[in-house]
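Working notes for the structure below.
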Amino acid sequence: MVRRWLSIIAFGAGAWVGHRYSLDLIGYYELGDDYWSDQGAIFLRTFLTLALGGLSALVVYFVISLFSRAQ
70 MVRRWLSIIA FGAGAWVGHR YSLDLIGYYE LGDDYWSDQG AIFLRTFLTL
120 ALGGLSALVV YFVISLFSRA Q
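The opening residue of the sequence shown carries number 70 in my numbering; numbering runs sequentially from there.
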């Protein structure tokens with residue numbers, strides 16, 4: 070139960086970091102007249118947000134699992 074809640078919190082924190090700093094990772098992108106370029110930037114930012122959130126949740130889940138097995 071604790072693993073689940075900590076993983077959810079870690080997902081939220083990782084998603085926030087991914088969303089907050091994704092523009093720094095992909096460079097500041099000014100939305101222009103090109104629809105497909107805009108959609109690509111939005112997709113990339115969404116992907117980075119979900120990927121960092123999921124990665125942080127998995128890391129927290131597995132670290133807690135390792136510590137619970139060791140005890």
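Virtual Cβ for every residue (Gly too), placed ideally from N, Cα, C.
Taking the CA atoms as reference points, glycine 123 sits about 14 Å from arginine 72. Exclusion of the five residues before and after leucine 75 leaves Val129 and Ile133 as the residues of its chain whose Cβ lies within less than 7 Å of its Cβ. Approximately 6 Å separates the beta-carbon atoms of serine 91 and threonine 118; this is inside 8 Å, confirming the contact.
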